[in-house]
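Residues 41 to 232 (the working numbering) make up the sequence shown, in order.
Just so you know, even glycine gets a beta-carbon here, dropped at the ideal spot from N, CA and C.
Here the structure is a predicted model, which means the values were calculated and not measured.
These notes are about the structure you will find just below.
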Amino acid sequence: MKTLIIDNFDSFTYNLYQYCAQLGATPTVVRNNALTLEEIESEQYTHIIISPGPGTPEAAGDIGICGEVVKKITNTPILGVCLGHQIIMNELGGKIVRAPKPVHGKSSEIVIDTNSPLFSELPKKIEVMRYHSLIGSREKLPPTLRLTGETVDDQLIMAVQHISRPLFGIQFHPESIGTPHGMKILENFLSS
41 MKTLIIDNFD SFTYNLYQYC AQLGATPTVV RNNALTLEEI ESEQYTHIII
91 SPGPGTPEAA GDIGICGEVV KKITNTPILG VCLGHQIIMN ELGGKIVRAP
141 KPVHGKSSEI VIDTNSPLFS ELPKKIEVMR YHSLIGSREK LPPTLRLTGE
191 TVDDQLIMAV QHISRPLFGI QFHPESIGTP HGMKILENFL SS
């Protein structure tokens, strides 16, 4: 599993790298401004992960090549984590808004769609670790994405999946110890 991790200048990126390597993938980390779409396509990656990051999905300087990857690479499985998830929603026509409350290092219970390949073999409710102040708007969920996870207490979007492409977004951090099923979620992604 030749896996590209696009680094949005985030300290969690190498945790994702370690998890992927433990799962048998061969991950490569490249900064979001250090490669082109042509270079990505020529490497024939089996999977792409778009990392968390400190920026906003609307700012081209914060997301580098990520928007183009979401729009133009349609057959390779892609997983967006936190900022990566927001990039997917934004690029496909959704709206990113301020979260009701910023959360940085907060554990939340979420309800997931266990029919999604990403959440296969998991319980219907799981604990996840969140670090974000922006969130995808439920009212502006793009028609090409379906909701696959939301917080139990206030129904905030925590996961989406494209209706016809292997494209997944998760607002939470699977690489955090505060997400006990995080390794399984990444394993499911790498099996897709």
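Check whether the Cβ atoms of residue 122 and residue 72 sit closer than 8 Å, and answer yes or no. no
Of all the alpha helix (DSSP H) runs that stay within the bounds of the region 68–97, which reach a length of 4 or more residues? 77–83
With H, G and I counted as helix, E and B as strand and the rest as coil, what does DSSP make of residue 201? strand
When we look at the beta-carbon of residue 188 and count the other beta-carbons within 10 Å, is it buried (16 or more) or exposed? buried
Per-residue DSSP class, three states only, for residue 125: helix
Looking at residue 215 and residue 49, is the spacing between their C-beta atoms short of 8 Å? no
What is the C-beta distance between residue 209 and residue 120, in whole angstroms, given that I count them as a contact (C-beta under 8 Å)? 4 Å
Could you compute how far the alpha carbon of residue 133 sits from the alpha carbon of residue 164? 28 Å
By the 10 Å Cβ neighbour count, where 16 or more other Cβ atoms means buried, how is residue 138 classified, buried or exposed? exposed
Would you call residue 155 buried or exposed, if buried means 16 or more other Cβ atoms sit within 10 Å of its Cβ? exposed
Buried or exposed for residue 47, going by 16 or more other Cβ atoms inside 10 Å? buried
Going by the CB atoms, is the gap between residue 148 and residue 244 shorter than 8 Å? Outside the shown range of the chain (41 to 232) lies residue 244, about which nothing can therefore be said.
C-beta contact flag for residue 204 and residue 135 at 8 Å: no
Alpha helix (DSSP H) containing residue 100: first to last residue? 100–103
Rounded C-beta distance between residue 86 and residue 43? I'm assuming under 8 Å. 7 Å
Within 10 angstroms of its Cβ, does residue 30 collect 16 or more other Cβ (buried), or is it exposed? The structure shown has nothing for residue 30, since the chain only spans 41 to 232.
According to DSSP, is residue 137 part of a helix, a strand, or is it coil? strand
Measuring straight from C-alpha to C-alpha, what distance separates residue 102 and residue 94? 8 Å
With DSSP run on the structure shown, which of helix, strand or coil describes residue 169? strand
Using only CA atoms, which one of 182, 150, 141 and 60 lies nearest to residue 126? 182
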